[in-house]
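Trainee: Chains as they are written, first to last, in our numbering: chain Z, 822 to 1468; chain P, 122 to 234. Note that the Cβ used here is the ideal one computed from N, Cα and C, for glycine as well. Since we're looking at a predicted model, the values are computed, not measured.
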Amino acid sequence: MKLLAALSLRIATLFQRSQINAEMEEELRSHIQHRADDLARDGLDRAEAERLACIEFGGRERIKEECHEALGGNFLDTLLQDVRFGFRVLRKSPSFTAAAVVTLALAIGANAVVFGVLDALILRPLNVPQAESLYGTEYGLDPGFQSYPNYLDLRDRNRSFEDLAAFNFVFAGLDTGKNPSTATGFAATGNYFDVLRIQPYLGRFFHSSDEQGPNSAPFLVLSYAYWHSRFQDDRGVVDRTIQVSKHPFTIIGVTPPEFRGSLLFVSPDFLIPIVNQDQVNGENILNARGDTHPIFEAIGHLKPGVTPDQAVADVNAVGAYLEKTYPKEFGQKSSTLGRAGLTSFDSAVRQFVTGLMLLAGLILLAACANLGGLFAARAADRSREVALRLALGSSRKRILRQLLTEAVLISLVGGAAGLAGSVVLLRRLSTWQPFPSAPIHLPVSPDAKVYVVALVLALVSGLLFGIVPVRQVLRANPYEIVKAGSSGRVGRRLTVRDALLVLQIAICAVLVTSSMVAVRGLVRSLHGNFGFELHNAMLVGTNLAMAGYSGDRVPAMQRRMIHAMEAIPGVERVGLVNNYPPLVYGAGSRVSVFKEETRDLRPANADPRIVLATMGGPPALEPAERDERDAETLVTAALNGTSLPHY
Amino acid sequence: MTDQAQLLPGTLDLLILRAVSLGPLHGYGILLRIGQISGNALLIEQGALYPGLFRLVRQGLLKANWGTSENNRRAKFYELTAAGRRRLREETANWNRLVTAIASALSVQPEEV
């Protein structure tokens, strides 16, 4: 009750300030008048009596200030006063204010953007239940890629995972009867949803029991987003049959809205059972043990009590068994576990984003040093104002508070501007598709965490650069400063600012160097020597599997396409390649290259210096005579040239 | 003027309460009353009275009302509340105990120890 009363009094004093002020003023004046009356009675003339009464009374403004303090409700009140005064002062020097706000907006904006990315990729786990015990295996010939039979063995022989699901990408043409369009999906093992512990939003999911051999489960689960955008939330889609790459599939369910697949970068439009992947991708993968591209990642929850290290040992034991049993097809490399969501990019992404965050932090620090210097200079310029206020009876605490309020005001305005910019940028990032033909995106969404971080950064930096002139004010001697005029400078101030300048230059040097290195790297990779002429080369993308072509019909169609293209006026030469860098996100397989003297052609004996990456599927080049020559040239180019990063 | 004593910290509030306990007074009146009852022996800066007054009002020991003074001027008159009266009693007792103790300590002669 007492607290409530005190609080209401505080709020009341806050709002009645002007009234209280007027009353206080009147009361003090009344006092002086009474005193003057007495003095006049003693024989002084009225004017002289009033002057004397004023002098006797003491510093009226200081006393009023003390009275306000005695009344309580002071903190908010003073703050409001400071804020109002701060705004007035800042409006008086718009260029200073603009420079400070823009500096901070850039620094805090950069930090907010990087933090948004950091939050999305590292801090936020995959949006599935119990994501903390969910791990992806990197196992087999290549991290993240393995064959379907190897996956089955790993699933059945490991003792660390509760269950192991796997998925791969499928790029399909979806035909619902009107407007056929391409879509990206996951071909997932039957236990995929059960391993991830996801419940359907609509209809049902497919399960292990649906897998009865190749092409036995023509079922399709739509993602919520795709269902929303493509099917306009039509609840009647369940049990409808649609054409997926010219094969009939039945829509059986819709995933919940928050589920975006088991990868952070790519969210599938739809999911089909992996046993039906052949129909969509046009190739038979279920029995190819040596084909290491059909599985993108195998994921599962670790059993309770099993540590990741134990699981790694377990997976490696299975790998050793497989290498012994299938020496021709299986080349074991030591495997690791990665956090589900980023798979084998995990540590790379972590390092990259952490580095980025560090750089952003440095930018903010440089900005703070810069603003600290600016504020110190400004405080020096305002030394006369400060001295005058001190002389008029203001306390140093009060002046410092006011200066800090100004700094925090600037930092908040700058922070708000930076945050607004970063939200726009993050929104654009989340819809940005770095590669037009690949469904890769950054799952960033500015949320409360980003706002809080920006706010805290703004406040901290405000206090940080606001604190720089503190010593200066504390040491200020009003008498000296007023006497010396505004040109009065003391050596000490310069040393603080010099130190800040040095700090700023040092940080900026680091930042400039690192950005130069990054830009140089980018330029180099853009103008890299691929061993063939990029200029005037045009790419036409097709996916024959999407159109239902498979087996022998593919080369025939490719030949027709090549001839048709050669007939186009201005076209010199036409070649065919299955995929091209840097878009090797798709199912890629690798071919072991052996030294000439090697007789035992098992993967383990391959020349480790040469990794020839070809893309899976039918032969990369059409086996017509001329095209064969092209194929040879290309392979030779690849081996001689510098284009392959592994070489 | 120079023979006036500095106030001990905290004693101004006690003096204000005492002055007001003798009848409602405005600020200047309180000052005059303190001078009168202390035999003009205490040095009080005039303005310093007011933060004390506001504090006592806030603590609920005084209440204030606007009125007209003997000089026919508008002035704010202060009077004791019940809590103020109680506080004055307590503080007076405390003060007396303190004074007695210090006085006896100071008046001790060597042979009495």
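With a threshold of 9 Å between beta-carbons, can residue 880/Z be considered close to chain P, or not?
Mentor: Within the first sequence, the letter at position 59 stands for residue 880/Z. Answer yes: the Cβ-Cβ gap between residue 880/Z and chain P drops below 9 Å somewhere.
Trainee: What would DSSP say about residue 1456/Z, mapped onto helix, strand or coil?
Mentor: Position 635 of the first sequence, counted from the first residue, corresponds to residue 1456/Z. Annotation note: pLDDT 44 at residue 1456/Z (below 50); position unreliable, coordinate value reported separately. It is helical.
Trainee: With 9 Å as the limit, tell me which residues of the region 850–880 of chain Z have their beta carbon closer than that to any beta carbon of chain P; keep them in chain order.
Mentor: 851, 852, 853, 854, 855, 856, 858, 859, 874, 877, 878, 879 and 880
Trainee: Between residue 173/P and chain Z, is the shortest Cβ-Cβ distance under 9 Å, so that the two count as touching?
Mentor: The residue given as residue 173/P occupies position 52 in the second sequence. By this cut-off, residue 173/P is an interface position.
Trainee: Please classify residue 202/P: does DSSP put it in a helix, a strand, or coil?
Mentor: Counting from 1 along the second sequence, the entry for residue 202/P is found at position 81. Residue 202/P falls in the coil class under three-state DSSP.
Trainee: The region 1074–1107 of chain Z: which residues have C-beta closer than 7 Å to a C-beta of chain P, in chain order?
Mentor: none
Trainee: Alpha carbon to alpha carbon, how far is residue 1138/Z from residue 1072/Z?
Mentor: Along the first sequence, one-based indexing puts residue 1138/Z at 317. Along the first sequence, one-based indexing puts residue 1072/Z at 251. So the alpha carbons of these two residues sit roughly 39 Å apart.
Trainee: Who pairs with residue 1478/Z in a beta bridge, going by DSSP?
Mentor: Because chain Z spans 822 through 1468 in this model, residue 1478/Z falls outside it and cannot be assessed.
Trainee: Taking 9 Å as the cut-off, decide whether the C-beta atoms of residue 1096/Z and residue 1038/Z are in contact.
Mentor: If you number the first sequence from 1, residue 1096/Z lands on position 275. If you number the first sequence from 1, residue 1038/Z lands on position 217. Yes, they are a contact pair.
Trainee: CA-CA distance, residue 1318/Z and residue 1201/Z?
Mentor: Translated into positions along the first sequence, residue 1318/Z becomes position 497. Translated into positions along the first sequence, residue 1201/Z becomes position 380. Roughly 11 Å separates the two Cα atoms.
Trainee: Should the region 1200–1218 of chain Z be called in touch with the region 944–959 of chain Z, which here means at least 3 C-beta pairs below 8 Å?
Mentor: Because the criterion of three Cβ pairs below 8 Å is not met, the region 1200–1218 of chain Z and the region 944–959 of chain Z do not touch.
Trainee: Between residue 971/Z and residue 1283/Z, what straight-line distance do the alpha-carbon atoms span, to the nearest angstrom?
Mentor: In the first sequence, residue 971/Z corresponds to position 150, counting from 1. In the first sequence, residue 1283/Z corresponds to position 462, counting from 1. Take the alpha-carbon of residue 971/Z and the one of residue 1283/Z: they are about 57 Å apart.
Trainee: I want to see whether chain P comes within less than 9 Å of residue 846/Z, judged by CB atoms only; does it?
Mentor: In the first sequence, the residue the question calls residue 846/Z occupies position 25. It does not: the Cβ of residue 846/Z has no partner Cβ on chain P nearer than 9 Å.
Trainee: Mind checking the region 175–196 of chain P against chain Z and listing, in chain order, the residues whose C-beta falls within less than 7 Å of any C-beta there?
Mentor: 175, 176, 179, 190, 192, 194, 195 and 196
Trainee: Measure the alpha-carbon distance for residue 1360/Z versus residue 928/Z and round it to whole angstroms.
Mentor: In the first sequence, residue 1360/Z corresponds to position 539, counting from 1. In the first sequence, residue 928/Z corresponds to position 107, counting from 1. For residue 1360/Z and residue 928/Z, the distance between alpha carbons rounds to 41 Å.
Trainee: Going by the beta-carbon positions, is the gap between residue 1130/Z and residue 1064/Z smaller than 9 Å?
Mentor: By one-based count along the first sequence, residue 1130/Z stands at place 309. By one-based count along the first sequence, residue 1064/Z stands at place 243. No, the Cβ-Cβ distance between residue 1130/Z and residue 1064/Z is not below 9 Å.
Trainee: For the putative contact between residue 213/P and residue 182/P, defined by C-beta atoms under 8 Å, what is the C-beta separation to the nearest angstrom?
Mentor: Reading the second sequence from its first residue, position 92 is the one you call residue 213/P. Reading the second sequence from its first residue, position 61 is the one you call residue 182/P. Not a contact, Cβ separation roughly 13 Å.
Trainee: Any beta-carbon of chain Z closer than 9 Å to the one on residue 204/P?
Mentor: If you number the second sequence from 1, residue 204/P lands on position 83. Cβ-Cβ to chain Z under 9 Å: no for residue 204/P.
Trainee: Return the residues of the region 138–167 of chain P that lie within a Cβ-Cβ distance of less than 9 Å from chain Z, sorted by chain order.
Mentor: Cβ contacts with chain Z come from 147, 148, 149, 150, 152, 153, 166 and 167.
Trainee: Verify the CB distance criterion: does residue 1329/Z have a CB-CB separation below 9 Å to chain P?
Mentor: Numbered from its first residue, the first sequence carries residue 1329/Z at position 508. Chain P, which has no Cβ nearer than 9 Å to the Cβ of residue 1329/Z, makes this no.
Trainee: In terms of alpha-carbon separation, which member of 1052/Z, 1045/Z and 1086/Z lies closest to residue 1092/Z?
Mentor: Within the first sequence, numbered from 1, the residue matching residue 1092/Z stands at position 271. Among 1052/Z, 1045/Z and 1086/Z, the Cα nearest to that of residue 1092/Z belongs to 1045/Z.
Trainee: Mind listing the chain Z neighbours of residue 126/P? Cutoff is C-beta to C-beta under 7 Å, in chain order.
Mentor: Position 5 of the second sequence, counted from the start, is the residue given in the question as residue 126/P. Within 7 Å Cβ-Cβ: nothing; residue 126/P doesn't reach chain Z, min ~18 Å.
Trainee: So, are the CB atoms of residue 1222/Z and residue 899/Z less than 9 Å apart?
Mentor: Counting from one through the first sequence, the residue named residue 1222/Z turns up at place 401. Counting from one through the first sequence, the residue named residue 899/Z turns up at place 78. Their beta carbons are under 9 Å apart, which means residue 1222/Z touches residue 899/Z by this criterion.
Trainee: How should residue 1104/Z be labelled, buried or exposed, when 16 other C-beta atoms within 10 angstroms of its C-beta is the threshold for buried?
Mentor: Taking the first residue of the first sequence as 1, we reach residue 1104/Z at position 283. Buried: at least 16 other Cβ atoms inside 10 Å.
Trainee: Residue 1478/Z by DSSP, collapsed to three states: which one?
Mentor: Because chain Z here runs from 822 to 1468, residue 1478/Z falls outside it and cannot be looked at.
Trainee: So the candidates are 1143/Z, 1067/Z and 1391/Z; which of them puts its Cα closest to the Cα of residue 978/Z?
Mentor: Position 157 of the first sequence, counted from the first residue, corresponds to residue 978/Z. That would be 1143/Z, whose Cα lies nearest to the Cα of residue 978/Z.
Trainee: Which one of 192/P, 133/P and 190/P has the shortest CA to CA distance from residue 172/P?
Mentor: Numbered from 1 along the second sequence, position 51 holds the residue referred to as residue 172/P. Closest option to residue 172/P, Cα to Cα, is 133/P.
Trainee: Which residues in chain P sit within 9 Å of residue 943/Z, going by Cβ to Cβ distance?
Mentor: Reading the first sequence from its first residue, position 122 is the one you call residue 943/Z. Within chain P, no residue comes near residue 943/Z; the closest Cβ sits about 53 Å away, beyond 9 Å.
Trainee: On the DSSP bridge assignment, give the partners of residue 996/Z in chain order.
Mentor: Taking the first sequence and counting its residues from 1, one reaches residue 996/Z at position 175. According to DSSP, residue 996/Z shares a beta bridge with 1064/Z.
Trainee: At which residues does the alpha helix (DSSP H) containing residue 971/Z begin and terminate?
Mentor: Taking the first residue of the first sequence as 1, we reach residue 971/Z at position 150. Counting along the chain, residue 971/Z sits inside the alpha helix (DSSP H) bounded by residues 969–978.
Trainee: Which whole-angstrom value is the C-beta distance of residue 1120/Z and residue 957/Z, which I expect to be below 8 Å?
Mentor: Position 299 of the first sequence, counted from the start, is the residue given in the question as residue 1120/Z. Position 136 of the first sequence, counted from the start, is the residue given in the question as residue 957/Z. The Cβ separation is near 5 Å, so the contact holds.
Trainee: Give a yes or no on whether the minimum CB-CB distance between residue 888/Z and chain P is below 9 Å.
Mentor: For the purposes of this step, residue 888/Z is identified with residue 67 of the first sequence, where counting begins at 1. For residue 888/Z, the closest Cβ of chain P is nearer than 9 Å.
Trainee: Along the region 209–229 of chain P, where does the CB come closer than 9 Å to a CB of chain Z? Name the residues.
Mentor: The region 209–229 of chain P vs chain Z, Cβ under 9 Å: nothing.
Trainee: Can you tell me whether residue 922/Z is buried or exposed? The criterion is at least 16 other CB atoms within 10 Å of its CB, across all chains shown.
Mentor: Taking the first sequence and counting its residues from 1, one reaches residue 922/Z at position 101. Buried, because 16 or more other Cβ atoms sit within 10 Å of the Cβ of residue 922/Z.
Trainee: Using 10 angstroms around the beta-carbon of residue 158/P, count the other beta-carbons present and answer buried if the total reaches 16, otherwise exposed.
Mentor: What you label residue 158/P is simply residue 37 of the second sequence in a count that begins at 1. Residue 158/P should be labelled exposed.
Trainee: So residue 77/P is in the alpha helix (DSSP H); what residue range does that whole segment cover?
Mentor: In the structure displayed, chain P extends from 122 to 234; residue 77/P sits before or after that span and is not available.
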